[in-house]
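Take a look at the structure below.
2 protein chains.
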Amino acid sequence: MSAATGTLYGLGVGPGDPELLTLKALRLLKAAPVVAYPAPDHGTSFARAIVAEYLSAEQEEIPIVVPMRVERFPAAAIYDEAAERIGARLAEGRDVAVLCEGDPFFYGSFMYLFERLASRFPTEIVPGVSSVMAASAALKRPLAARNDVLTVIPGPLDDAALGARIEAAEAFAIMKLGRHFPRVKALIETLGLLDRCAYAERVSLPEERLLPLRDVSGDVPYFSMILGYRGTEPAIRGAAFDQEPAR
Amino acid sequence: MSAATGTLYGLGVGPGDPELLTLKALRLLKAAPVVAYPAPDHGTSFARAIVAEYLSAEQEEIPIVVPMRVERFPAAAIYDEAAERIGARLAEGRDVAVLCEGDPFFYGSFMYLFERLASRFPTEIVPGVSSVMAASAALKRPLAARNDVLTVIPGPLDDAALGARIEAAEAFAIMKLGRHFPRVKALIETLGLLDRCAYAERVSLPEERLLPLRDVSGDVPYFSMILGYRGTEPAIRGAAFDQEPAR
Numbered sequence: 000m001s002a003a004t005g006t007l008y009g010l011g012v013g014p015g016d017p018e019l020l021t022l023k024a025l026r027l028l029k030a031a032p033v034v035a036y037p038a039p040d041h042g043t044s045f046a047r048a049i050v051a052e053y054l055s056a057e058q059e060e061i062p063i064v065v066p067m068r069v070e071r072f073p074a075a076a077i078y079d080e081a082a083e084r085i086g087a088r089l090a091e092g093r094d095v096a097v098l099c100e101g102d103p104f105f106y107g108s109f110m111y112l113f114e115r116l117a118s119r120f121p122t123e124i125v126p127g128v129s130s131v132m133a134a135s136a137a138l139k140r141p142l143a144a145r146n147d148v149l150t151v152i153p154g155p156l157d158d159a160a161l162g163a164r165i166e167a168a169e170a171f172a173i174m175k176l177g178r179h180f181p182r183v184k185a186l187i188e189t190l191g192l193l194d195r196c197a198y199a200e201r202v203s204l205p206e207e208r209l210l211p212l213r214d215v216s217g218d219v220p221y222f223s224m225i226l227g228y229r230g231t232e233p234a235i236r237g238a239a240f241d242q243e244p245a246r
Numbered sequence: 000m001s002a003a004t005g006t007l008y009g010l011g012v013g014p015g016d017p018e019l020l021t022l023k024a025l026r027l028l029k030a031a032p033v034v035a036y037p038a039p040d041h042g043t044s045f046a047r048a049i050v051a052e053y054l055s056a057e058q059e060e061i062p063i064v065v066p067m068r069v070e071r072f073p074a075a076a077i078y079d080e081a082a083e084r085i086g087a088r089l090a091e092g093r094d095v096a097v098l099c100e101g102d103p104f105f106y107g108s109f110m111y112l113f114e115r116l117a118s119r120f121p122t123e124i125v126p127g128v129s130s131v132m133a134a135s136a137a138l139k140r141p142l143a144a145r146n147d148v149l150t151v152i153p154g155p156l157d158d159a160a161l162g163a164r165i166e167a168a169e170a171f172a173i174m175k176l177g178r179h180f181p182r183v184k185a186l187i188e189t190l191g192l193l194d195r196c197a198y199a200e201r202v203s204l205p206e207e208r209l210l211p212l213r214d215v216s217g218d219v220p221y222f223s224m225i226l227g228y229r230g231t232e233p234a235i236r237g238a239a240f241d242q243e244p245a246r
């Protein structure tokens, strides 16, 4: 790495509300001469839309076009090509900010750029507000307390794996629902947990939807989540508890 | 709730770096006539310290004093009393912002105020950057990808529960280490996962410490965490995961 090399920034831009950007991400975003972001082949980039009001016409933009319906990798070629374009800017000494929905390292595609570029260029990751915490806030449901185990489970897992993981935790979040939703809901009903679950969709955006899981049917979007709690303690609502030391 | 009632805000202030506050939390914090926060009986409040530069002398402060070093006690009286003081301000029509380290509903004590006040006063939760995501960013280790299951486990769990939970996930974060650290590290070594784990302490603060877990011994503070990965998928782990944490 020469001193003239630019820095690669992975910027978490939060779950959707532009006001859920951190001060740090905003500062680095505004200062970056080059801004890259995932984009669908048709339509607008969600990550870019979140920060659109903070961008300026002087910034070069690099959309990383990932075809909508490609769920399974070999997306390697897409990220190889994106890394090459971004690497060229970094080599010229220009910083590049990569926009990441939610948090960059929490199920984010940024890691595919990271693994291709971080060994060659200075890299900084700015954590962001995750959709899991944003869903908990919007639903007004505490996520985990005291000694609860919290498990985050991708919806595409098969029923056996999903069920086992749900039953190994007090609190759980099931993400990436999309077309898996009806199956996941049926499984949760089988486990007797339907009334201990809530559903959140497009959290923190104007079109946010919040419902008891029991009341949700039909198709749901990819940006949706189930939050559940199966702890047996009076836990979250309890009065006497293992107190965390105050700081 | 009368129209003249104030609003209770649970503000996530992030893991420690004041710049990891969200724009929304900052706006609501500055506008709040009353600011409450957990505080130790001796020394300064960590939550307050994070936002100290944003506070003004006109704001009324309500420290919620939770005795240090007491791990188990009926804390109900403390939160009853705090809820009463905060409720009195809300009833007068004044908004109250409660500062929460990290995220309010992710192992946060805010939920004890929430359960006492949310049925009587308008309440809004502003999610924050969690220390788990901040540790992943600082360590430059992706947390979870694709269909990984991520489990967050409190360190005080006994060995059998800890081991079972670790083995039911691809990625894991062990929090609330403190005095449990030597036992947890020994367990991880027994499971053959020592070299797949990294350690982070006081993440995002100037005194942050990042180390391979193997290199950590002795006492560790409460604000410390182990991140581990036991998944078998190769993709994201090449550069990122099996590498010593970089600074």
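Line order of the protein sequences matches chains W and C. The first sequence runs 0 to 246 under numbering that gives the first Met the number 0. The second sequence runs 0 to 246 under numbering that gives the first Met the number 0. Ideal Cβ positions, reconstructed from N, Cα and C, are used throughout, including at glycine.
Task: Burial state of A168(C), where buried means 16 or more other Cβ atoms lie within 10 Å - done: A168(C) comes out buried.
- [ ] Tell me, please, which residues DSSP counts as bridged to M174(W).
- [x] Secondary-structure assignment with DSSP links M174(W) through a beta bridge to P153(W).
Task: Secondary structure of V215(W), DSSP reduced to three states - done: V215(W) falls in the coil class under three-state DSSP.
- [ ] Closer than 8 Å, Cβ to Cβ, to anything on chain W: give me those residues from the stretch 14–36 of chain C, in chain order.
- [x] Listed by position, the residues of the stretch 14–36 of chain C near chain W (Cβ gap below 8 Å) are P14, D16, P17, E18, L19, L20, T21, L22, K23, L25 and R26.
- [ ] Return no unless some Cβ of chain C is closer than 7 Å to the Cβ of I124(W).
- [x] Closer than 7 Å: yes.
TODO: Confirm, please, whether the CB-CB distance from P211(C) to G101(C) is below 7 Å.
DONE: No, the Cβ-Cβ distance between G101(C) and P211(C) is not below 7 Å.
Task: T247(C) burial status per 10 Å Cβ neighbour count (16 or more: buried) - done: Outside the shown range of chain C (0 to 246) lies residue 247(C), about which nothing can therefore be said.
TODO: Using DSSP bridges, identify the partner residues of P37(W).
DONE: As computed with DSSP, P37(W) is found in a beta bridge with I63(W).
TODO: Decide yes or no for the touch test of the stretch 77–90 of chain C against the stretch 55–65 of chain C: beta carbon pairs closer than 8 Å, at least 3 of them.
DONE: The answer is yes - the stretch 55–65 of chain C touches the stretch 77–90 of chain C, with three or more Cβ pairs under 8 Å.
Task: Beta-carbon neighbours of A48(W), restricted to chain C and to distances below 7 Å - done: None at all; the shortest Cβ gap to chain C is about 16 Å.
- [ ] Return helix, strand or coil for F120(W), following the three-state DSSP convention.
- [x] Coil.
Task: Reduced DSSP secondary structure (H/G/I, E/B, other) of F104(C) - done: Secondary structure of F104(C) (DSSP, three-state): coil.
Task: Inside the stretch 180–216 of chain C only - beta strand (DSSP E) runs reaching at least 3 residues - done: Contiguous beta strand (DSSP E) elements confined to the stretch 180–216 of chain C occur at 196–200 and 208–211, taking only those with 3 or more residues.
TODO: Report yes or no: is there a C-beta of chain C within less than 7 Å of the C-beta of L149(W)?
DONE: For L149(W), the answer is yes, since a Cβ of chain C falls inside 7 Å of its Cβ.
TODO: Would you give the residue range spanned by the alpha helix (DSSP H) that L249(W) belongs to?
DONE: The structure shown does not extend to residue 249(W), since chain W is modelled only from 0 to 246, so the question has no answer here.
TODO: May I ask you to report which of helix, strand or coil DSSP gives L54(W)?
DONE: Here L54(W) sits in coil by DSSP.
Task: Exposure of D147(W), with buried meaning 16 or more beta-carbon neighbours within 10 Å - done: Counting Cβ neighbours within 10 Å, D147(W) comes out buried, since at least 16 surround it.
Open item on the list: Cβ closer than 9 Å: which chain C residues qualify as neighbours of F120(W)?
Closed with: Within chain C, no residue has its CB atom less than 9 Å from the CB of F120(W), the nearest being about 12 Å off.
Open item on the list: Using C-beta distances below 6 Å, list every residue in its chain close to I165(C), excluding the 5 sequence neighbours before and after it, in chain order.
Closed with: The beta carbon of I165(C) sits closer than 6 Å to the beta carbons of F171 from its chain, once the five residues preceding and following it are set aside; these are given in chain order.
TODO: At 7 Å on the CB atoms, spell out the chain W contacts of I152(C), in chain order.
DONE: Within 7 Å Cβ-Cβ: V148.
Open item on the list: Between which two residues does the beta strand (DSSP E) holding G86(W) run?
Closed with: From DSSP, G86(W) is part of no beta strand (DSSP E) but of the alpha helix (DSSP H) over A75 to A90.
TODO: Sort out for me which residues DSSP pairs L225(W) with in a bridge.
DONE: For clarity, residue 225(W) is Ile in the given sequence; the question names Leu instead. Looking at the DSSP output, I225(W) sits in a beta bridge with I173(W) and Y198(W).
Open item on the list: Rounded to the nearest angstrom, what separates S55(C) and V97(C) at their Cα positions?
Closed with: Cα to Cα, S55(C) sits roughly 15 Å from V97(C).
Open item on the list: Just to confirm my understanding: we take I152(C), look at its own chain, exclude 5 residues before and 5 after, and list those with CB closer than 8 Å. What are they?
Closed with: Spatial neighbours of I152(C) in its own chain (CB-CB distance under 8 Å, excluding positions within 5 residues in sequence) are listed in chain order as L161, R164, I165, F171, A172, I173 and M174.
Open item on the list: E18(C) and L22(W) - do their beta-carbons sit closer together than 7 Å?
Closed with: Between L22(W) and E18(C), the gap from beta carbon to beta carbon is short of 7 Å.
- [ ] Would you mind telling me which residues of chain C sit closer than 7 Å to R164(W), beta carbon to beta carbon, in chain order?
- [x] What R164(W) touches in chain C, judged by beta-carbon distance under 7 Å, is V148 and A167, going in chain order.
Open item on the list: Quick check: the stretch 115–131 of chain W against the stretch 39–56 of chain W, are at least 3 beta-carbon pairs closer than 8 Å?
Closed with: The stretch 39–56 of chain W vs the stretch 115–131 of chain W: no contact.
- [ ] Output the distance between the C-alpha atoms of P205(W) and S118(W), rounded to the nearest integer angstrom.
- [x] Rounded to whole angstroms, the separation of the alpha carbons of S118(W) and P205(W) is 40 Å.
Task: Sub-7 Å separation of E200(W) and R208(W) beta-carbons - done: With a cutoff of 7 Å on beta-carbon distance, E200(W) and R208(W) are scored as near each other.
Task: Cα-Cα separation between P121(W) and A31(W), rounded to whole angstroms - done: Approximately 14 Å between the Cα atoms of the pair.
Open item on the list: For M224(W), would you say it is in contact with chain C, using Cβ-to-Cβ distances shorter than 7 Å as the test?
Closed with: Answer no: the Cβ-Cβ gap between M224(W) and chain C never drops below 7 Å.
Task: DSSP state of L161(W) mapped onto helix, strand, coil - done: Annotated three-state conformation of L161(W) is helix, per DSSP.
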